[in-house]
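Have a look at the structure below before the remarks.
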Amino acid sequence: AQSVTQLDSHVSVSEGTPVLLRCNYSSSYSPSLFWYVQHPNKGLQLLLKYTSAATLVKGINGFEAEFKKSETSFHLTKPSAHMSDAAEYFCVVSDPRATDSWGKLQFGAGTQVVVTP
Amino acid sequence: GAVVSQHPSRVICKSGTSVKIECRSLDFQATTMFWYRQFPKKSLMLMATSNEGSKATYEQGVEKDKFLINHASLTLSTLTVTSAHPEDSSFYICSANTGTGIGYTFGSGTRLTVV
Numbered sequence: 001a002q003s004v005t006q007l008d009s010h011v012s013v014s015e016g017t018p019v020l021l022r023c024n025y026s027s028s029y030s031p032s033l034f035w036y037v038q039h040p041n042k043g044l045q046l047l048l049k050y051t052s053a054a055t056l057v058k059g060i061n062g063f064e065a066e067f068k069k070s071e072t073s074f075h076l077t078k079p080s081a082h083m084s085d086a087a088e089y090f091c092v093v094s095d096p097r098a099t100d101s102w103g104k105l106q107f108g109a110g111t112q113v114v115v116t117p
Numbered sequence: 001g002a003v004v005s006q007h008p009s010r011v012i013c014k015s016g017t018s019v020k021i022e023c024r025s026l027d028f029q030a031t032t033m034f035w036y037r038q039f040p041k042k043s044l045m046l047m048a049t050s051n052e053g054s055k056a057t058y059e060q061g062v063e064k065d066k067f068l069i070n071h072a073s074l075t076l077s078t079l080t081v082t083s084a085h086p087e088d089s090s091f092y093i094c095s096a097n098t099g100t101g102i103g104y105t106f107g108s109g110t111r112l113t114v115v
């Protein structure tokens with residue numbers, strides 16, 4: 001079984017300050033992990049993904065995440081928040097060996113990011 | 001590359017009618033597509049896995065007869081909400097695995113409002 005927990009439902013940061021979105025996962029195997037961003041009434045855009053290569057993953061728009069197996073974490077960070085970063089962020093886990101060959105995506109509950117001027 | 005096109009983006013229908021939502025993979029073949037439902041300020045809930053040329057696999061608690069899924073070709077999956085009721089109002093999103101390093105890609109979603 002696989003699951004993912006986003007520790008913060010809401011994060012508020014000032015423009016130009018760092019952003020940290022926390023995510024913990026559980027998986028029976030070695031999972032693939034993703035971070036997606038969703039702007040209001042829009043689909044999901046992939047920020048970055050981890051698939052058992054480098055543990056520090058760099059994504060788009062200055063985001064990065066570090067896979068820590070010992071802590072079962074995959075926290076998302078950005079050094080300096082921009083107003084356009086205000087959105088909903090989802091941490092997602094997938095186990096390629098679960099159920100079907102591609103694996104089902106298990107979504108976290110989401111973290112709403114608010115950026116203040 | 002690896003774009004999933006979802007239509008319509010927004011639809012309003014009367015209670016009791018049916019609505020069809022299309023999801024197309026534009027530049028790749030998708031043997032498997034996924035349909036999600038998202039309630040306001042909530043996460044995505046997997047409804048079903050759509051398999052080309054075979055029956056869809058529904059998640060527990062999802063009514064098969066209400067949410068009809070057809071995946072007749074490698075580039076098209078459709079979700080039909082039959083006899084829609086106001087409680088079916090939601091944001092529906094499709095997804096496909098591109099089979100490349102990109103991984104999963106999502107449609108832009110469909111906002112369904114049943115009045």
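Residue numbers (my numbering), protein chains in the order written: chain A, 1 to 117; chain B, 1 to 115.
For glycine and all other residues, C-beta sits at the position ideal for the given N, C-alpha and C.
With distance defined between alpha-carbon atoms, name the residue in the options nearest to residue i.
i, options, result
"residue 105 of chain B", "B/72, B/35, B/70", "B/35"
"residue 6 of chain A", "A/16, A/21, A/12", "A/21"
"residue 30 of chain B", "B/77, B/11, B/108", "B/77"
"residue 97 of chain B", "B/68, B/60, B/74", "B/74"
"residue 109 of chain A", "A/17, A/38, A/51, A/53", "A/38"
"residue 95 of chain B", "A/15, A/18, A/95, A/46", "A/46"
"residue 4 of chain B", "A/69, A/19, A/43", "A/43"
"residue 32 of chain B", "B/81, B/22, B/50, B/92", "B/50"
"residue 69 of chain B", "B/61, B/60, B/81", "B/81"
"residue 19 of chain A", "A/76, A/107, A/66", "A/76"
"residue 62 of chain A", "A/2, A/17, A/52, A/116", "A/17"
"residue 53 of chain A", "A/107, A/69, A/41", "A/69"
Out of curiosity, what's the CA-to-CA distance linking residue i and residue j?
i, j, result
"residue 92 of chain A", "residue 55 of chain A", "16 Å"
"residue 37 of chain B", "residue 45 of chain B", "5 Å"
"residue 23 of chain A", "residue 113 of chain A", "14 Å"
"residue 59 of chain A", "residue 11 of chain A", "20 Å"
"residue 63 of chain B", "residue 71 of chain A", "38 Å"
"residue 10 of chain B", "residue 111 of chain B", "5 Å"
"residue 13 of chain A", "residue 85 of chain A", "10 Å"
"residue 8 of chain A", "residue 90 of chain A", "11 Å"
"residue 103 of chain B", "residue 91 of chain B", "22 Å"
"residue 4 of chain A", "residue 26 of chain B", "30 Å"
"residue 73 of chain A", "residue 50 of chain A", "12 Å"
Under three-state DSSP, which class holds residue i?
i, result
"residue 9 of chain B", "coil"
"residue 130 of chain B", "Outside the displayed range of chain B (1 to 115) lies residue 130 of chain B, so it cannot be described from this structure."
"residue 84 of chain A", "helix"
"residue 87 of chain B", "helix"
"residue 69 of chain A", "coil"
"residue 107 of chain A", "strand"
"residue 22 of chain B", "strand"
"residue 6 of chain A", "strand"
Within the continuous beta strand (DSSP E) that includes residue i, where are the two ends?
i, result
"residue 26 of chain B", "Residue 26 of chain B -> no beta strand (DSSP E), and no H or E assigned at all."
"residue 121 of chain A", "With chain A running from 1 to 117 in the structure shown, residue 121 of chain A is simply not present."
"residue 93 of chain B", "90 to 97"
"residue 60 of chain A", "Looking at the DSSP string, residue 60 of chain A is not in any beta strand (DSSP E), and its letter there is neither H nor E."
"residue 11 of chain A", "10 to 14"
"residue 49 of chain A", "44 to 50"
"residue 77 of chain B", "76 to 81"
Note to self: Tell me whether the stretch 27 to 46 of chain A and the stretch 15 to 25 of chain B touch, counting them as touching only if at least three CB pairs, one residue from each stretch, are closer than 8 Å.
What the structure shows: Here the stretch 27 to 46 of chain A does not lie against the stretch 15 to 25 of chain B, with fewer than 3 beta-carbon pairs under 8 Å apart.
Margin query: I want to know whether the stretch 53 to 73 of chain B touches the stretch 70 to 90 of chain A - three or more CB-CB distances under 8 Å.
Written below: no
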